[in-house]
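Our numbering runs 1 ahead of the 1-based position in the sequence shown.
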Amino acid sequence: MRKGQNPAKYVNTVAKPARITVAVLNYIPFQSGFYAQTLDVLKVCLGSIWDNTTELPYDLMVFDNGSCQEAIDYLLEAHQQGKIQYLLLSEKNLGKGGAWNLIFEAAPGEVIAYSDNDVYFYQGWLSKSLQILETYSKVGMVTSRPFPTMPELYSNTVQWAQQSAEVSLEQGRLIPWDVFKAFDMSRGLTEEQARQAYETHQDVRLTYRGILAYAGASHWQFIAYKSALQQFLPFYMDKPMGQVLVLDQKMNDAGYLRLMTNDPLTQNMSNRLDWIHTPPVGGRTRSRDNSLRRKFLNVTPVKRILLGLYDRIFHWYYDIQ
């Protein structure tokens, strides 16, 4: 039989969540091989959010998708320190689709600023992205940097721009070379490969009510209205990765605009810290290791064999059920 009254009955107010939820998806199964630096990358990612998201109030949510104990311990400590407002821990890796199903439902904010765990954020990223989201019509997602994307995934954005008298549309090689190179090389391309891609790509840039934005966006980092994202739930993906373009495709097919900021306000770090850019444009960058070992490892047959072996070992230990 109950004794006394629950003290919560006498609490007259409860905390209200911020309008914006910054949500980070984390997955670090172990700390070796491909994942050797990813805990440090996660720390830099979250640190850049804490340091460079000062212009608007937000709550930080982290969804951990079955990481190793070291990563979980770090996240628990940050949560206990009040740096993470909402921490969700999954026992198993649900894949990105399964994680999105939970994040897009659980995030309490009206606006969700989603990110993978390998993104570096620069000052002003949130406010400038939100400005595009709130200014343009029927925006599905805004990525906080320009980079080359697939035209077929922003076809409805171009169509909307061509049919709107208020929109000025430019086409051509518009992304500056250093901005283009910084992103492509962060994905593992050489400077020569990035240059070849740069010489052949075309950008689409819009101006609407005085606000510049590139056509295109990406699932690795974006802000969106929660109500828009929930229209596409649930996501059914039978692999942890490789099917994530489904969100980009669904957004475009539904007629939503997919846009990017005019300035590079985020940077992809991938699985290492070599390519953090400060400042985001025109600053000093760290050069890659040009040793003979690096050149040998990048020889196509050698690279294919070693990465194939690594992939097989990964599946032996972390077999995807």
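We treat Cβ as the ideally placed atom computed from N, Cα and C, and that holds for glycine.
Please read all numbers here as calculations on a predicted model, not as lab measurements.
State yes or no: is the C-beta of Ala229 within less than 9 Å of the C-beta of Gly141? To locate residue 229, count along the sequence shown from 1; it is residue 228. To locate residue 141, count along the sequence shown from 1; it is residue 140. Yes; because the gap between Cβ atoms is below 9 Å, this pair is in contact.
I want to know whether the region 249-266 touches the region 32-51 - three or more CB-CB distances under 8 Å. no
Can you tell which of Met238, Arg273, Thr267 and Asn272 has the C-alpha that lies nearest to the C-alpha of Asn102? Here residue 102 refers to the residue found at position 101 when the sequence shown is read from its first residue. Out of Met238, Arg273, Thr267 and Asn272, Met238 has the C-alpha closest to the C-alpha of Asn102.
Let me know if Leu246 comes out buried or exposed under the rule of 16 or more other beta-carbons within 10 Å of its beta-carbon. Translated into the one-based positions of the sequence shown, residue 246 becomes position 245. Counting Cβ neighbours within 10 Å, Leu246 comes out exposed, since fewer than 16 surround it.
Proximal residues to Met62 (C-beta, below 8 Å), its chain only, five neighbours per side dropped: Walking along the sequence shown from the start, residue 62 turns up at place 61. Taken in chain order, the residues that qualify are Thr22, Val23, Ala24, Val25, Ile85, Gln86, Tyr87, Leu88, Leu89, Ile104, Ala107 and Ala108.
So does the region 138-153 actually touch the region 50-70, counting three or more Cβ pairs closer than 8 Å? no
Gly48, enclosing alpha helix (DSSP H) - first and last residue: In the sequence shown, counting from the first residue as 1, residue 48 sits at position 47. Residues Thr39 to Asn53.
Is it buried or exposed for Leu131, if we count other Cβ within 10 angstroms and need 16 for buried? Walking along the sequence shown from the start, residue 131 turns up at place 130. That one is buried.
Alpha helix (DSSP H) runs wholly inside the region 96-176, at least 4 long, in chain order: 96-107, 126-136 and 156-164
Of the residues Gln222, Arg20, Lys17 and Ile212, which one's Cα is nearest the Cα of Phe122? The residue labelled residue 122 in the question sits at position 121 within the sequence shown. Checked all of Gln222, Arg20, Lys17 and Ile212; the closest Cα to Phe122 is Gln222.
Do you know whose CA, among Leu77, Ala225 and Asp179, lies nearest Tyr115's CA? Here residue 115 is taken as the residue at index 114 of the sequence shown, counted from 1. Nearest option by C-alpha distance: Ala225.
Compute every distance between the C-beta of Met261 and the non-hydrogen atoms of the ligand GDP, then say whether any falls below 8 Å. Questions concerning the ligand GDP fall outside what the structure shown contains, since it holds no ligand whatsoever.
For Gln232, does the three-state DSSP call read helix, strand or coil? Counting from one through the sequence shown, the residue named residue 232 turns up at place 231. If DSSP states are grouped into helix, strand and coil, Gln232 belongs with the helices.
Nearest to Lys251 (by Cα), restricted to the options Lys227, Pro302, Asn263 and Leu234: Numbered from 1 along the sequence shown, position 250 holds the residue referred to as residue 251. Closest option to Lys251, Cα to Cα, is Leu234.
Considering Cα atoms alone, identify which of Gly110, Glu153, Thr158 and Val120 is closest to Tyr209. In the sequence shown, the residue the question calls residue 209 occupies position 208. For Tyr209, the nearest C-alpha among the options comes from Thr158.
Supposed close pair Pro147, Ile113 - CB separation, criterion 8 Å: Walking along the sequence shown from the start, residue 147 turns up at place 146. Walking along the sequence shown from the start, residue 113 turns up at place 112. Incorrect: roughly 21 Å between the Cβ atoms, too far for contact.
Could you pull the start and end residues of the alpha helix (DSSP H) that Ser187 belongs to? Working through the sequence shown from its first residue, we reach residue 187 at position 186. Start and end: Trp178 to Ser187.
Using 8 Å as the Cβ pair cut-off and three pairs as the minimum, do the region 169-188 and the region 198-214 touch? yes
Considering only the alpha carbon of each residue, which of Ala195, Met270, Leu310 and Glu192 lies closest to Val45? Indexing the sequence shown from 1 puts residue 45 at position 44. When only C-alpha atoms are compared, the closest one is Met270.
Go ahead and label Ile1 buried or exposed: buried means 16 or more other beta carbons lie within 10 angstroms of its beta carbon, across all protein chains shown. The question about residue 1 has no answer, for the chain in this structure spans 2 to 322.
Restricting to Cα atoms, I'd like to know which of His220, Gln32 and Asn253 is closest to Cys69. Within the sequence shown, the letter at position 68 stands for residue 69. It is Gln32.
Let me make sure I understand the geometry here. Which of Thr144, Lys97, Glu111 and Lys129 has the alpha-carbon closest to that of Val120? In the sequence shown, residue 120 corresponds to position 119, counting from 1. Nearest Cα to Val120 within the set Thr144, Lys97, Glu111 and Lys129: Thr144.
Could you please give me the residues that DSSP links to Asn66 through a beta bridge? Residue mapping note: residue 66 aligns to position 65 of the sequence shown, counting from 1. Asn66 is bridged to Ser91.
According to the neighbour-count rule (16 or more other Cβ atoms, all chains shown, within 10 Å of its Cβ), is Gln160 buried or exposed? As a first step, residue 160 is located in the sequence shown; it is residue number 159 there, counting from the start. Under this definition Gln160 is an exposed residue.
Evaluate Thr262 with the Cβ neighbour count: other Cβ atoms within 10 Å of its Cβ, from every protein chain shown; 16 or more gives buried, anything less gives exposed. As a working mapping, residue 262 is identified with position 261 in the sequence shown. Buried: at least 16 other Cβ atoms inside 10 Å.
Segment limits, beta strand (DSSP E) that includes Met261: As a position in the sequence shown, residue 261 is number 260, starting the count at 1. Leu258 to Thr262 is the extent of the beta strand (DSSP E) around Met261.
Assuming Glu92 and Gly67 make a contact with CB atoms under 8 Å, what is their CB distance in whole Å? The residue you call residue 92 lines up with position 91 of the sequence shown. The residue you call residue 67 lines up with position 66 of the sequence shown. 6 Å between Cβ atoms; contact.
For Trp178, is the classification buried or exposed, using 16 other Cβ atoms within 10 angstroms of its Cβ as the cut-off for buried? On the sequence shown, residue 178 is found 177 positions in, with the first residue counted as 1. The residue in question, Trp178, is exposed, as its Cβ has fewer than 16 Cβ neighbours within 10 Å.
Rounded to the nearest angstrom, how far is the Cβ of Leu266 from that of Lys97, given a contact under 8 Å? For the purposes of this step, residue 266 is identified with residue 265 of the sequence shown, where counting begins at 1. For the purposes of this step, residue 97 is identified with residue 96 of the sequence shown, where counting begins at 1. Wrong, their Cβ atoms sit about 23 Å apart, outside the cutoff.
Quickly, what does DSSP pair Arg27 with across the bridge? List them, please. On the sequence shown, residue 27 is found 26 positions in, with the first residue counted as 1. Reading off the sequence shown, one finds Asn at residue 27, where the question assumed Arg. Answer is Asp65, bridged to Asn27.
Three-state secondary structure (DSSP) at Ile212? For the purposes of this step, residue 212 is taken as residue 211 along the sequence shown, with counting starting at 1. In this structure, Ile212 counts as strand in the three-state DSSP scheme.
Provide the residue(s) that pair with Ala225 in DSSP beta bridges, ordered along the chain. Taking the first residue of the sequence shown as position 1, residue 225 is located at position 224. Ile113.
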